[in-house]
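For reference, the structure is listed below as structure tokens.
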Amino acid sequence: MVFPCNEIQKTAWALLKNFDHALILREDDPLLPAVLGVYEAQGIKNGAPTNTMKGAAFMTELATAYPDCRLVVTKETMTVEGMIKIVYDLLKDKLNIAKITFTSGVNAACQEYKPTGTVDRCPLCGIALDENGACPKCGYKKH
Ligand SMILES: [Zn+2]
67 MVFPCNEIQK TAWALLKNFD HALILREDDP LLPAVLGVYE AQGIKNGAPT
117 NTMKGAAFMT ELATAYPDCR LVVTKETMTV EGMIKIVYDL LKDKLNIAKI
167 TFTSGVNAAC QEYKPTGTVD RCPLCGIALD ENGACPKCGY KKH
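Be aware that the sequence shown starts at 67, since it is given in our numbering, and climbs by one per residue.
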């Protein structure tokens, strides 16, 4: 099935905008309680009129997003590798992910995945191969 690129972007961005201009801290970061205290004192912990670019709140094994205060709390130290894990976990059920690349300054990481839910197709006709790996139309056989 063909999946339109702009739909991929929309699906990913709905969750990923939680990271845009957000504060990302590890759950045991000593700054976390202090920052939340300041947000509380400033009255912006539960949202501010200027905070309009909010993503959908999420909570996974690896990260929790608090869109109202533009904060993401992570399990592990934030690295490009960690970011790939978080993003894959967030989107794996929504998109058929084959590869994720992250760069930050001079750091880069790349992870490839075996997409699930895809069908082997005949390279000649483009139609799905049968259970024996053969094309029902032209007889091509996958070896
Ligand atoms: Zn064929």
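Quick reminder that beta carbons are idealized off the backbone N, C-alpha and C, glycines included. Computed from a predicted structure; not experimentally measured.
query                                                                                                                            : result
Taking any heavy atom of ligand 1 as the mark, which residues have a C-beta closer than 5 Å to it, listed down the chain?        : 188, 190, 191, 201, 203, 204 and 206
Going by other Cβ atoms of all chains shown within 10 Å of its Cβ, with 16 needed for buried, is residue 119 buried or exposed?  : exposed
So for residue 188, helix, strand or coil by DSSP?                                                                               : coil
Give me whichever residues DSSP pairs with residue 207 in a beta bridge.                                                         : 200
Helix, strand or coil for residue 194? Go by DSSP, reduced to three states.                                                      : strand
Would you decide whether residue 86 is buried or exposed? Buried here means 16 or more other CB atoms lie within 10 Å of its CB. : exposed
I think residue 126 touches residue 155, with their Cβ atoms under 8 Å apart; what is that distance to the nearest whole Å?      : 5 Å
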